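**Student:**
Protein chains: 2
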Amino acid sequence: MIREIPAKELDTESFIKEKVEEIKSRVGDGQAINALSGGVDSSAVTLLGHRALGDQLKTVFVENGLMRANEAEQVVDFFRDLGVKVEVVAAQEEFFSALKGVTDPEEKREAITQTFYRQVFGRLVRESGAKHLLQGTILTDVDETVAGIKRQHNVFEQLGIDPQEAFGYHILEPLIQLRKDGVRKLGKALGLPQELFQRIPFPGPALAARVIGEVTPERIDTVRKATEVVERLLSDCGAFQYLAILHEDRVTGMRESRRDFGQQIEVRCWNSIDARTATPTPLPFAILEQMAEEIVYAVPGVVSVTYNITSKPPSTIEAV
Amino acid sequence: MIREIPAKELDTESFIKEKVEEIKSRVGDGQAINALSGGVDSSAVTLLGHRALGDQLKTVFVENGLMRANEAEQVVDFFRDLGVKVEVVAAQEEFFSALKGVTDPEEKREAITQTFYRQVFGRLVRESGAKHLLQGTILTDVDETVAGIKRQHNVFEQLGIDPQEAFGYHILEPLIQLRKDGVRKLGKALGLPQELFQRIPFPGPALAARVIGEVTPERIDTVRKATEVVERLLSDCGAFQYLAILHEDRVTGMRESRRDFGQQIEVRCWNSIDARTATPTPLPFAILEQMAEEIVYAVPGVVSVTYNITSKPPSTIEAV
Chain A
538 MIREIPAKEL DTESFIKEKV EEIKSRVGDG QAINALSGGV DSSAVTLLGH
588 RALGDQLKTV FVENGLMRAN EAEQVVDFFR DLGVKVEVVA AQEEFFSALK
638 GVTDPEEKRE AITQTFYRQV FGRLVRESGA KHLLQGTILT DVDETVAGIK
688 RQHNVFEQLG IDPQEAFGYH ILEPLIQLRK DGVRKLGKAL GLPQELFQRI
738 PFPGPALAAR VIGEVTPERI DTVRKATEVV ERLLSDCGAF QYLAILHEDR
788 VTGMRESRRD FGQQIEVRCW NSIDARTATP TPLPFAILEQ MAEEIVYAVP
838 GVVSVTYNIT SKPPSTIEAV
Chain B
538 MIREIPAKEL DTESFIKEKV EEIKSRVGDG QAINALSGGV DSSAVTLLGH
588 RALGDQLKTV FVENGLMRAN EAEQVVDFFR DLGVKVEVVA AQEEFFSALK
638 GVTDPEEKRE AITQTFYRQV FGRLVRESGA KHLLQGTILT DVDETVAGIK
688 RQHNVFEQLG IDPQEAFGYH ILEPLIQLRK DGVRKLGKAL GLPQELFQRI
738 PFPGPALAAR VIGEVTPERI DTVRKATEVV ERLLSDCGAF QYLAILHEDR
788 VTGMRESRRD FGQQIEVRCW NSIDARTATP TPLPFAILEQ MAEEIVYAVP
838 GVVSVTYNIT SKPPSTIEAV
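Line by line, the protein sequences are chains A and B. No gaps in the numbering here: position 258 of the first sequence is 795 in the numbering used here, and each next residue is one more. No gaps in the numbering here: position 167 of the second sequence is 704 in the numbering used here, and each next residue is one more.
1. Of the choices E644(B), H784(B), V625(B), R605(B), whose alpha-carbon is the least far from that of E803(B)?
2. Measure the alpha-carbon distance for P850(A) versus E546(B) and round it to whole angstroms.
3. Anything in the stretch 748-761 of chain A with a Cβ closer than 8 Å to a Cβ of chain B? List those residues in chain order, please.
4. With 16 as the cutoff for other CB atoms within 10 Å, does K595(B) come out buried or exposed?
5. Under the three-state reduction of DSSP, which class applies to L619(B): helix, strand or coil?
6. Does the pairing of the stretch 740-756 of chain B with the stretch 621-639 of chain B give three or more beta-carbon distances under 8 Å?
7. Kindly indicate if chain A contains any beta-carbon less than 8 Å away from that of Q689(B).
8. Have a look at L585(A), E643(A), M791(A), E631(A) and flag the residue whose alpha-carbon is nearest the alpha-carbon of F616(A).
9. Suppose you measure from the CA of E600(A) to the CA of V662(A); what does that come to, to the nearest Å?
10. Going along chain A in order, which residues have a C-beta closer than 7 Å to the C-beta of D786(B)?
11. Please tell me whether I832(A) and V840(A) are closer than 8 Å, where the distance is taken between their beta carbons.
12. Classify Q800(B): buried if its beta carbon has 16 or more other beta carbons within 10 angstroms, exposed otherwise.
13. Pop quiz: I713(A) and D578(A) are said to be a contact at Cβ under 8 Å. What is the actual Cβ separation, rounded to whole angstroms?
14. Would DSSP call P754(B) helix, strand or coil?
15. For Y779(B), would you say it is in contact with chain A, using Cβ-to-Cβ distances shorter than 8 Å as the test?
16. Taking the alpha-carbon positions, what's the Q689(A) to G673(A) distance?
17. Pop quiz: L715(B) and I539(B) are said to be a contact at Cβ under 8 Å. What is the actual Cβ separation, rounded to whole angstroms?
18. Which whole runs of the beta strand (DSSP E) in the stretch 620-687 of chain A are 3 residues long or more, in chain order?
19. Go ahead and pull the three-state DSSP assignment for Q689(B).
20. Based on the DSSP output, what are the partners of S841(A) in its beta bridges?
21. Below 8 Å between beta carbons: does that hold for V625(A) and A609(A)?
22. A589(A) lies in the alpha helix (DSSP H); which residues open and close that run?
23. In the structure shown, what three-state DSSP assignment does A812(B) receive?
24. Ordered along the chain, which non-local residues of its own chain (more than five positions away) have a Cβ less than 7 Å from that of V613(B)?
25. Less than 8 Å between the CB atoms is what I'm expecting for P500(A) and A746(A), so what's the real figure, rounded?
26. What do you get for C806(B), buried or exposed, if any count of 16 or more other CB atoms within 10 angstroms of its CB means buried?
27. Check whether the Cβ atoms of A569(B) and L603(B) lie closer than 8 Å to each other.
28. Counting only C-beta atoms, is V626(A) closer than 8 Å to chain B at any point?
29. In the DSSP assignment, what residue or residues form a beta bridge with L783(A)?
30. Mind checking whether G567(A) and H669(A) have CB atoms under 8 Å apart?
31. Thinking C-beta only, is A815(A) closer than 8 Å to S772(A)?
32. Determine whether the Cβ of S852(B) lies closer than 8 Å to any Cβ atom of chain A.
33. List the residues of chain A whose Cβ lies closer than 7 Å to the Cβ of A856(B), in chain order.
34. Taking Cβ positions only, does R813(A) come closer than 8 Å to chain D?
35. Distance, Cα to Cα, S562(A) vs A776(A)?
36. When the cut-off is 8 Å and only beta carbons count, does I649(A) lie next to chain B?
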């Protein structure tokens, strides 16, 4: 049974001190490794780990080709400013080849998870020689696994590391007593930049979750360009979340005064407290029209833009 | 060279008298037939023809299964009130079987045209014994054929009637000197009900043009139900045209608290003068939300509704 530390009871100073000691004593003079996604959990673990281990901790950012524009650079820059070196691992080809021909949303998710753990991160762990893995698991992840919402993950199995061999490996989960609000409080105390807390939710499968149908480099590039416009125009709108989705359906459009088929982008912008229910944000019509205009201008092949006007339920926040 | 009669020069009383005499003298004591779609051209021809020929003219309404809710009944009722009997010919199965498996928009159009002329109307003409066909061709149709926008139609060939045999047939096109505004003026003088002039534009392939992907009875029923909601809520909005489109893409939704895939309806509502350019109507957000709510309530399987926010160009009015 894990003892929860509620955010309001969290004394960040003594928590950091305690965890830094714990990590130090467990790793000793060994090597550790962790994967940074840029989310608040993995960012907090990265800072805690570097405080404890310095250069004994290798931090990698896996570039899966599915991230938003400049996402890897932004994360690397954030951490460079904090004195932490992050190694970007180019793995775009591995992810796109795993996603080739896959159209079912669940199978897409699975292909991304498998490629990350079994192929890319598994290889990095073995090659690094590190025997200690730092993970940003929080209490909510544990609850959801127990409740059957998330699958039970045996990390070593996921990494393709033989259970025999796995005896030599150790998992460290320094955030496991915290929930999201506690991690935010901790992150702030560790000096994480504001931008990381203010970021709107972004799904695990990244832009692959924003493409209906097959995920290809071209289709990710299309939805990435549309996402840039949407995030730029809506960054101050106060909504809970906003996103662009690339449809598979083709619709009629005009190119150089001729009828031709083109692609459609769907924009969603949600008002919500906790994502369990949500309503479409009543954006001014001028903003909607400007957004459509900029998207068809900036994104090759797109001739049509829609705005989602349904509530959740029966809709969901994401489409895939 | 056809002499145009501009609307403002059209003396409806003498035009009607002249055309009635002309039709009478050409048909004599023979039999004539015409197909009524409910549009203003075929409606005006039907009234002119019946004034000239009475029961010698057989008027048919081909129920292709692709019309909006109650459309056949409404047209039959309109004309019954005007003393004209319209025979509804049930041909749904022929159209749906021609459309089965067809997903390309041009092929869908072609399947509908071929089924109408070659199969259904061709058979009706032969079975009726009528040697005179009344058609609502207007001058704009002729212009567009000459300009290559519309295909050159040899009506007899379309009807599957052998050119040898066709010597016995006659085509009468009493509206050929008029354009749309002239036909409207004529229709009014002939006593056509206001509803027929106020109707928003509706495409030839009917609801088949409002379905992305395969046209099946179930999918037509889905878009028909959505169309009912959209036309009811927007009938007073003053827009040029409004429509509902059924997408082929599936999106995530919630059914009975569980994640499940559902269908998406896209609503378009256009401000336009002549359909050459158009902008999305800035409907109040409360109307958009109400429309989405009523659609997901009234249309089984639909979990998501969007509103198109793109201008034409690069969008087009219809999607298929």
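In this text, a Cβ means the ideal position worked out from N, Cα and C, and glycines have one as well. The model shown is predicted, which means the values in this text are computed figures rather than measured ones.
**Tutor:** Concretely, from the data shown:
1. Considering only alpha carbons, the answer is H784(B).
2. The C-alpha of E546(B) is placed about 58 Å away from the C-alpha of P850(A).
3. I749, G750
4. buried
5. coil
6. When C-beta atoms of the stretch 740-756 of chain B are compared with those of the stretch 621-639 of chain B, three or more pairs fall below 8 Å, so the two segments count as touching.
7. In this prediction, Q689(B) has a pLDDT of 47, which is less than 50 and means its spatial position is unreliable; what the coordinates show is noted afterwards. With 8 Å as the cut-off, Q689(B) does not count as an interface residue toward chain A.
8. L585(A)
9. 16 Å
10. I749, H784, E785, D786
11. no
12. buried
13. Actually they do not touch by this definition, with Cβ atoms about 11 Å apart.
14. helix
15. no
16. Annotation note: pLDDT 47 at Q689(A) (below 50); position unreliable, no value reported.
17. About 10 Å; that fails the 8 Å criterion.
18. Here the runs fully enclosed are 623-627, 669-671.
19. Here Q689(B) scores only 47 on pLDDT, less than 50, and its place in the model should not be relied on; the value that follows carries that caveat. Correct three-state label for Q689(B): coil.
20. According to the DSSP secondary-structure assignment, S841(A) is paired through a beta bridge with Q801(A).
21. yes
22. Looking at the DSSP string, the run of the alpha helix (DSSP H) that includes A589(A) is 577-590.
23. coil
24. For V613(B), where only same-chain residues beyond five positions count, the Cβ hits under 7 Å are F598, V623, V625.
25. Because residue 500(A) is not part of the residues shown, which for chain A are 538 to 857, the question remains open.
26. Buried is the call here.
27. For the 8 Å CB-CB criterion, A569(B) and L603(B) do not form a contact.
28. no
29. DSSP lists V748(A), I802(A) as the bridge partner or partners of L783(A).
30. Yes, the pair counts as a contact, with Cβ atoms nearer than the cut-off.
31. Contact: no.
32. yes
33. V788, T789
34. In the structure shown, chain D does not exist; the protein chains are A and B.
35. 44 Å
36. no
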